[in-house]
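Numbering (UniProt numbering), first residue to last: 1 to 1054.
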């Protein structure tokens, strides 16, 4: 006897979805072992990925260019003990073909107003177009404005992009047209490309024709408003910019002596002129020209007068300008001024170009007064006094208070209607500021794609309502460092603009696409406001020995998907059992999720204990029979993931389930588990997948299995016996002796021999040819034969075999004399979601399945011994098709959404030989579309009707009676799939009766060989017509003929 001890374990890591075509695998294995990675499955048509080194636990895999799931297997060899583990990596696929169109821009007249886009959306992605108006984006930083634009269809590759209002465009008609593609497998994985579509603007502008100005500066740019559409802009990349062919020409009619007026720019609804230096009345017209045409405005009159702003800046006195915008000034004083009554004198200047004899200035308190009231202001300067003037401010009784005193300074000119008011602010610092602080943040990178975080910018401390009144500057955020290879973080400008330093705010930082530490500086206010404004608030903080800047970090952690290993069965007499999770760079913890009744989780022990972080542990304290669920939780910074494993403790080890494949003559233990110990007869061996080699045909063998940690003498074992027959061909030697007769009819392609076919003994019809064959009736599938007769022979195109009807079912004719059928056993049904077989929502149907009068050696269907049900909801996403086939015969999906990965695994399970029953329901409840796509059904699931009628021609089986042309009923809500959505290899067994209805029950052939059964409503199994344990109503017979069909597909005979 040879004994194979598989104590060493290996874990291939957690399943995950990546963004791209390359990734690193993260295996966990036993010390001293050797390893080898292989590719087990890949998307249809995909080339093989490439391992950087297939013999290490953490190789890099490249070349997963086709989108979809790739399953990799790591095989561990620990002193001859072979174990394996699988991991599925879902690739989003290659995006090298992605394009928003040919070239970087397109130019079209606005009066035409439409452009055919030519994008390319790669396989595995969905696309969505959006437009950003360039002018508005440049002006406000808002990337969401798409005013006056539309797409014929924003989700296809080549829609028509057009203006809504072509001639009278209400905004400059230049757009960034952006195509965003998002992976069907990973919504966090997306890419964007853009093309600029620039519509040449309509030159027929409508503008003000008469306006007077009182200019406060020689650098002021006077302007006229556009009164209605069309609107144009000349800024940057806008359509009206000179570089794109639109010109604006001033045509003088009359100007003051020495005066000149020139065009500067047009900002959508406002036309600006360069500054002037001569007062007076200007009369002129404007001509706008481009490739669309040329337009000259009516006569325009502009009347200019100067009243130049006062100057407050004096570096020596600490006086600044632009405290809260143009024309304002301010100075700041330390907290020592609080309670002090010393007056403060503020200097200001009249513009040197003006005659001080004509300038009158005033000063007085205004706006909000700090606690204690308004100060007294004495103005020093009247008309005729020098250019340099001042005013003195005396605090109220009690002295200066912490706060900001606003002083309005007025200015008029003798003989002029122009006047102005400017505000000066005297700020007494309270000395109560503290360091600006922004919390460090952690983010979780979801496997691949990008992360976004929100940072809280604090409000600075304020005293009373006057404190820093009218000051409205925002924060600034600078990126100081980022991880290697990371893209530049994107700071939400709209949120940042709203983050006033006095109120604080929340700002989103996104495009964090690599794990690692990103470092930022937050400043109050942002340094982009200029040194003077930044320095003013810095001084406020300096007086408090505090900082108005801070450094903060965003740490992006990579998510580690947990893998707790596969479920298995052990026995109560085993000394314990091992668990092995994955460890992909984070830390992990084992916990108890559930135990059999009467078992306290606190009595279960782990070695090493759960605080060690070790992925490997031995579990003890589990002698009570039942199912134990353990959770492996991985943590990596802020990222957390968990996976559960169920270990069932039984009285005895489960009997080895031997599967014999007649096609390749292989033998496999389908419920094989690497932690069990298998004892085989001498000369036999078992590999890491449970395949037995070294056997001889037509001999009886037995296999013993015992739990981990036991020796050969243990009583904790189970044994299975089986005979592997060598199937012999039906080519028996001819029987000698005197024949009963000779053949009278013959067909030949040769020259007829004189004695032929009379010399062919015991025949009815003789055929003879060296180059031709006989073609029997060819049908797509056996359901096309509506009235089969016992002994009928056909060639089944879907099944790819010659079939014989034995009076009950069609069987493929094999080249053997022995009948090849599955021996009777229990059928393992795995359910996914509620309203499925065995879930408890079909009580009558389930009881009929388990009634031995219906299914069993003495029942109507004799080829099985019963059914057992289990829930695979938590394992479907992580189990490959072959793994599912090892544990289940039938999978029934039900009332819940199913992901593309889960649906693909069900499809792979069917291709491995399993049978799937797919229960649909209304599209408003859950998303069933991925399961349709996985089986080649086009389009989407809809909302169906409750009634259906079975086919008068096609019948799944007649084991439980004739069910052609009978009424069927669902319950509550239904799904809907139309016949034109089905693959051509489909067979329809029932249709909805509603007008415009869809198909109700159907199978799909081709690669799926009729082994997937769709029903439009799970209610077909729980309608009131399904009752008690006896199968006698038409609908009961139909749903059990459906089950009989499934069993025959598995190889079990009625």
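Glycine included, each C-beta is placed from N, C-alpha and C at the ideal position.
Residues of the same chain with a CB within less than 7 Å of the CB of residue 428, apart from the 5 flanking positions on each side, are 333, 337, 338, 400, 401, 402 and 403 in chain order. Taking a 10 Å sphere around the C-beta of residue 583, we find 16 or more other C-beta atoms and assign the residue as buried.
Judged by DSSP in its simplified three-state form, residue 704 adopts strand. Residue 825 is classed as exposed because its beta carbon has fewer than 16 other beta carbons within 10 Å across all chains shown.
In the displayed model, residue 1007 falls within a helix according to three-state DSSP. In the DSSP annotation of this structure, the continuous segment of the beta strand (DSSP E) that includes residue 81 starts and ends at 81-91.
Inside the region 526-569, DSSP marks whole alpha helix (DSSP H) runs of 4 or more residues at positions 531-542, from first to last along the chain.
Following the DSSP letters along the chain, one finds residue 855 in no alpha helix (DSSP H), marked with neither H nor E. For residue 332, the three-state secondary structure derived from DSSP is strand.
Fully enclosed beta strand (DSSP E) runs of no fewer than 3 residues occupy 190-200 of the region 181-207, in order along the chain. Counting the other CB atoms within 10 Å of its CB gives residue 905 a total of 16 or more, which places it among the buried residues. Distance from the CA of residue 18 to the CA of residue 446, rounded to the nearest whole angstrom, comes to 9 Å. The C-beta separation of residue 289 from residue 247 comes to about 5 Å, placing the pair in contact by the 8 Å criterion. No Cβ-Cβ contact shorter than 8 Å links residue 837 with residue 828. Rounded to the nearest angstrom, the Cβ distance from residue 473 to residue 501 is 6 Å, consistent with a contact under 8 Å.
Between residue 74 and residue 37 a beta carbon distance of about 5 Å is seen, short of the 8 Å cut, so the two are scored as contacting. Per DSSP, residue 62 is one residue of the beta strand (DSSP E) stretching across 60-62. In this structure the region 618-632 lies against the region 593-607, because at least three pairs of beta carbons, one per stretch, are closer than 8 Å. Our two residues, residue 319 and residue 431, have alpha carbons roughly 19 Å apart in a direct line. With contacts defined by Cβ atoms closer than 8 Å, residue 989 and residue 1043 do not form a contacting pair.
Three or more pairs of CB atoms, one per stretch, sit closer than 8 Å, so the region 106-118 contacts the region 165-175.
For residue 908, the uninterrupted alpha helix (DSSP H) segment begins and ends at 900-911. The beta carbon of residue 98 lies closer than 7 Å to those of 120, 122, 181, 191 and 193 in the same chain, with the five residues before and after it left out. Bounds of the alpha helix (DSSP H) holding residue 885 are 881-887.
For residue 18, the three-state secondary structure derived from DSSP is coil. Annotation for residue 135: the continuous alpha helix (DSSP H) segment containing it runs 134-140.
Between residue 216 and residue 416, the C-beta spacing is not below 8 Å.
Taking C-beta atoms under 8 Å as the contact rule, residue 456 and residue 506 qualify, at a distance of about 6 Å.
Residue 299 is positioned such that its CB atom lies no closer than 8 Å to that of residue 266.
Contact annotation, residue 206 with residue 234: C-beta distance approximately 17 Å; criterion of less than 8 Å not satisfied.
With contacts defined as CB atoms closer than 8 Å, residue 329 and residue 424 qualify as a contacting pair.
In terms of CA proximity to residue 643, 579 leads the group 695, 55, 579 and 669.
Between residue 939 and residue 1004, the C-beta gap is not smaller than 8 Å, which leaves the two residues out of contact. One alpha carbon belongs to residue 442, the other to residue 15, and they sit about 23 Å apart. The way I'd put it, the region 63-71 does touch the region 33-47; three or more beta-carbon pairs between them come closer than 8 Å.
Restricting attention to beta strand (DSSP E) runs no shorter than 3 residues, the region 223-270 encloses them at 223-228, 247-254 and 263-268, ordered along the chain.
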